[in-house]
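A.B. asks: Numbering (my numbering), first residue to last: 60 to 616. My structure is below; once you've seen it, I'll send some questions.
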């Protein structure tokens, strides 16, 4: 309503600066003034979005008002009390009123079984109370990895590592819309009258095609404005046109509420330093050396490359490899126990040449299967549990998803504001090939066939011979793809069996592995390894030597 706006502005010049007049009366009993920020803001009869609309304010209008509550302000409109949404009034006090103090407090939930509350931010400070897992606390300060919390009568400092922040969102009232509309004259000449009647005085005429603003309607008549002409015209000769749709208010609802249920295609704001610090603390606490030490950036790089949340990728590797300190991590850089079976967890597992290669292989493996909607392994884009998500097919542990989420929270506490108005990393990926590594064995390594074995001329090739059940053959090597190179009756070839049940097919008589990840072939005497005084005889470069049996383990026995 362009003309009405001009009236309001004209009235302002007759009043004290910053005070808007509504009708013939300026607003009174107000202690603040403010500026309208919405393109059109409804003036309502009561503080409710469903209340009757009395009028409209427009962006840039200045009004005087008093606070009604946290969502609405009160003003006078045409001599009556009215209300507008506080969200769209940018206010400044006109009297010496102290601004409200804003609290930085937020909520959190205890994740430890029992969490100590201390007098200061130190593990040596006096304990003044304890909090159980699940307790909701109010956090008012933070310092050096500690939070000052309040829970009932208990107040003090707690380690931030064991408290997960929770974030609340404030609903936003959509901007009010004006009831005014546009129209176009369809008659050759259309009369404009003082009232909605054919007997009323004519105050002007409008030509065909004139665009008018319609502000009222009554009994088949429109009250119109076209330049300086204002009055009532027959609605029969005016076609309404729709104003452009208002720009929708952006959806500010967080796309995630916790790490366990979050779509793990959303990117994380975790830093490489946060990941490195988490590993470093574990190393300091346990005295163990992790293969992840200083490797935080690779999780961010590979997560971004494959479209997997970088923090979740790091948490998975940390959980499944005991912080990068377990046997497979140190021996084979195998962080996810890929290819490992309970029957031979260390020897069947795949070998990787670096930590980076292992993380990249697993990320592409996940994207091509468990995070691929066209795969039978797909049960959702979230960690989940036994009911759904990655946990459903990927892990037998029903609490696996919860454990990964716990690691993620300790590295970088969940914050819903980081997952507001963001887009998924919509990327597809195919599985990548295993590195071509091989374990070579002595030509004295002997095995027995427990079933008829089909021997191929090449890996994935055609059969060249078979090894009968009960026959002895020589094992020369094992490849990373779980094929074995063997010799039987002078023929060298390859076979592959399901290593989860390898004993169904074969057993090796004299192959051992030492604690420092080396394979040795034992000397056999009457088909039994030679052992004496804690020593065993083995072949080393064709020569017989004795080594300690301490820390050794039979392989494929």
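Don't be surprised by glycine CBs; every beta carbon is placed ideally from N, CA and C. Note that this is a predicted model, so its numbers are computed, not measured.
In chain order, what residues of the same chain lie with their CB nearer than 7 Å to the CB of residue 147, ignoring the 5 residues before and after it?
C.D. replies: For residue 147, where only same-chain residues beyond five positions count, the Cβ hits under 7 Å are 95, 96, 97, 100 and 234.
A.B. asks: When you compare each of 570, 510, 556 and 516 to residue 534 by their alpha carbons, which one comes out closest?
C.D. replies: The shortest C-alpha separation from residue 534 is found at 570.
A.B. asks: May I ask you to report which of helix, strand or coil DSSP gives residue 449?
C.D. replies: Note: residue 449 maps to helix in three-state DSSP.
A.B. asks: According to DSSP, is residue 616 helix, strand or coil?
C.D. replies: Looking at residue 616 - three-state DSSP - the assignment turns out to be coil, as it is neither helix nor strand.
A.B. asks: Which term fits residue 444, buried or exposed, when burial requires 16 or more other beta carbons within 10 angstroms of its beta carbon?
C.D. replies: Looking at its Cβ environment, which holds 16 or more other Cβ atoms inside 10 Å, residue 444 is buried.
A.B. asks: Is the beta carbon of residue 273 closer than 8 Å to that of residue 239?
C.D. replies: It is a contact, given that the beta carbons lie within the stated cut-off.
A.B. asks: Have a look at residue 347 and residue 434 and give me their C-alpha separation to the nearest angstrom.
C.D. replies: The alpha-carbon atoms of residue 347 and residue 434 are separated by roughly 39 Å.
A.B. asks: I believe residue 131 touches residue 117 by the beta-carbon criterion, under 8 Å. Please report the beta-carbon distance rounded to the nearest angstrom.
C.D. replies: About 19 Å; that fails the 8 Å criterion.
A.B. asks: Okay, do the region 558-569 and the region 452-469 touch, 3+ Cβ pairs below 8 Å being the bar?
C.D. replies: Output reads no: the region 452-469 does not touch the region 558-569.
A.B. asks: Quick one: what does DSSP say residue 324 is sitting in, helix, strand or coil?
C.D. replies: Coil.
A.B. asks: Give the DSSP-derived three-state secondary structure of residue 393 in the structure shown.
C.D. replies: Residue 393: coil per DSSP, three-state reduction.
A.B. asks: Start and end of the alpha helix (DSSP H) containing residue 335?
C.D. replies: Looking at the DSSP string, the run of the alpha helix (DSSP H) that includes residue 335 is 331-345.
A.B. asks: Should the region 285-301 be called in touch with the region 198-208, which here means at least 3 C-beta pairs below 8 Å?
C.D. replies: With a cut-off of 8 Å, the region 198-208 and the region 285-301 do not count as touching, because too few Cβ pairs lie within range.
A.B. asks: Go through its chain and collect everything with a Cβ distance to residue 266's Cβ below 6 Å, but skip five positions before and after it.
C.D. replies: Around residue 266: no qualifying Cβ.
A.B. asks: Ignore the nearest five residues each way along the sequence and tell me which others in residue 173's own chain have a CB closer than 8 Å to its CB.
C.D. replies: 189, 190, 191 and 192.
A.B. asks: Apart from the five residues just before and just after residue 129, which ones in its own chain have a Cβ nearer than 8 Å to its Cβ?
C.D. replies: Correct list, in chain order: 145.
A.B. asks: Pick from 539, 547, 315 and 414: whose alpha carbon is nearest that of residue 526?
C.D. replies: Residue 526 has its Cα closest to that of 547, out of 539, 547, 315 and 414.
A.B. asks: Going by DSSP, what residue range makes up the beta strand (DSSP E) through residue 222?
C.D. replies: It spans 222-225 - the beta strand (DSSP E) in which residue 222 sits, taken as one unbroken run.
A.B. asks: What does DSSP give as the partner residue(s) for residue 419 in the beta ladder?
C.D. replies: None, per the DSSP bridge assignment.
A.B. asks: Quick one: give me the first and last residue of the beta strand (DSSP E) that residue 468 is part of.
C.D. replies: No beta strand (DSSP E) holds residue 468; the alpha helix (DSSP H) holding it covers 459-470.
A.B. asks: Give a yes or no on whether the C-beta atoms belonging to residue 420 and residue 489 are separated by under 8 Å.
C.D. replies: Result no, Cβ atoms of residue 420 and residue 489 do not sit closer than 8 Å.
A.B. asks: Evaluate contact between the region 251-258 and the region 271-288, counting only Cβ atoms and requiring at least three cross-stretch pairs below 8 Å.
C.D. replies: Enough Cβ pairs lie closer than 8 Å, so yes.
A.B. asks: Nearest-angstrom Cα distance between residue 125 and residue 314?
C.D. replies: In a straight line, the C-alpha of residue 125 is about 36 Å away from that of residue 314.
A.B. asks: What are the start and end residues of the alpha helix (DSSP H) that includes residue 210?
C.D. replies: Note, residue 210: premise wrong, no alpha helix (DSSP H); beta strand (DSSP E) at 205-210.
A.B. asks: If you reduce the DSSP assignment to three classes, tell me which class residue 525 lands in.
C.D. replies: Of the three classes helix, strand and coil, the one that applies to residue 525 here is strand, per DSSP.
A.B. asks: Just to confirm my understanding: we take residue 586, look at its own chain, exclude 5 residues before and 5 after, and list those with CB closer than 6 Å. What are they?
C.D. replies: Cβ within range, chain order: n/a, list empty.
A.B. asks: Let's test the definition: count the other Cβ atoms within 10 Å of the Cβ of residue 323 and tell me whether it reaches 16, buried, or not, exposed.
C.D. replies: Per the 10 Å Cβ criterion, buried.
A.B. asks: Measuring CB to CB, does residue 381 end up less than 8 Å from residue 334?
C.D. replies: The answer is no: Cβ separation not under 8 Å.
A.B. asks: For residue 555 and residue 510, what's the separation of their Cα atoms in angstroms?
C.D. replies: Going from the Cα of residue 555 to the Cα of residue 510 covers about 13 Å.
A.B. asks: Opposite residue 601 in the DSSP bridges: which residues?
C.D. replies: Paired residue(s): none; residue 601 is not in a bridge.
A.B. asks: Quick one: what does DSSP say residue 375 is sitting in, helix, strand or coil?
C.D. replies: Here residue 375 sits in helix by DSSP.
A.B. asks: Going by beta carbon distance, what residues of the same chain come within less than 8 Å of residue 621, once the five residues before and after it are set aside?
C.D. replies: Coverage of the chain is limited to positions 60 through 616, which leaves residue 621 absent and any answer about it impossible.
A.B. asks: Among 551, 531, 392 and 345, which has the Cα closest to the Cα of residue 576?
C.D. replies: Nearest C-alpha to residue 576: 392.
A.B. asks: May I have the straight-line CA-CA distance separating residue 395 from residue 474, to the nearest angstrom?
C.D. replies: Approximately 28 Å, taken between the alpha carbons.
A.B. asks: I'd like to confirm something about residue 579: is its beta-carbon nearer than 7 Å to some heavy atom of the ligand FAD, or not?
C.D. replies: In the structure on display, the ligand FAD does not appear, and there are no ligands present to speak of.
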